[in-house]
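Participant: So the sequence shown is numbered by the numbering used here: it starts at 1086 and just counts up by one.
Each residue gets a CB set at the ideal place from its N, CA and C atoms; glycine is no exception.
It should be emphasised that the depicted structure is a prediction, and the values quoted were computed from it without experimental measurement.
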Amino acid sequence: MGAYEKALADFDTALATNGLFQPQNAHIHKSVVYEKLKDLDKALGELDKAVKVMPGDGTTYFNRGRVLALRGRTDDALADYTKAIKLDPDFAAPTAIAATSTRTTKTMTRRSRTSMPPYV
């Protein structure tokens, strides 16, 4: 068993011990392992579970937004970053990423409109 597989097994054990480990943290950590294994679908699934377990945690939405962005789901990522900011206004990371993403999206949209030849 490799290190990543062992980590996943350890987090599964933690989830099975009810109350000894905050479940949202186990799901977040599992998502990181899946991300390292390049399995973004499973990473996103774990973060969806973390949000269900702890819907009031801004860090959980930030992490899910990050994986959504990696999947190319920019609008969904921005929605999660916005939720993270609302839940924890002092959490700087999603604020910076959301601002950057919004500027980049607007710039790319503006450039694509001006650089595309008109078709009739």
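Is D1160 buried or exposed, if buried means 16 or more other CB atoms sit within 10 Å of its CB?
Facilitator: D1160 is exposed by the Cβ-count criterion.
Participant: In angstroms with no decimal places, state the Cα-to-Cα distance between L1208 and V1117.
Facilitator: Residue numbering for the chain in the displayed model covers 1086 to 1205; residue 1208 lies beyond these limits and cannot be assessed.
Participant: With a threshold of 16 other CB atoms inside 10 Å of the CB of T1102, please say whether the residue is buried or exposed.
Facilitator: Its Cβ having fewer than 16 others within 10 Å, T1102 is exposed.
Participant: Can you round the beta-carbon distance between G1143 and A1162 to whole angstroms, since I take them to be within the 8 Å contact cut?
Facilitator: Incorrect: roughly 14 Å between the Cβ atoms, too far for contact.
Participant: Where do the N-terminal and C-terminal ends of the alpha helix (DSSP H) with F1096 fall, by residue?
Facilitator: Segment 1088-1101, the alpha helix (DSSP H) holding F1096.
Participant: For Q1107, which of helix, strand or coil comes out of DSSP?
Facilitator: DSSP places Q1107 in coil when its eight states are reduced to three.
Participant: Which whole-angstrom value describes the C-beta separation of V1138 and P1174, a residue pair presumed to lie in contact below a C-beta threshold of 8 Å?
Facilitator: Contact doesn't hold; Cβ gap of about 22 Å is too wide.
Participant: Would you identify the three-state DSSP class for G1130, choosing helix, strand or coil?
Facilitator: Residue state, collapsed to three classes: helix.
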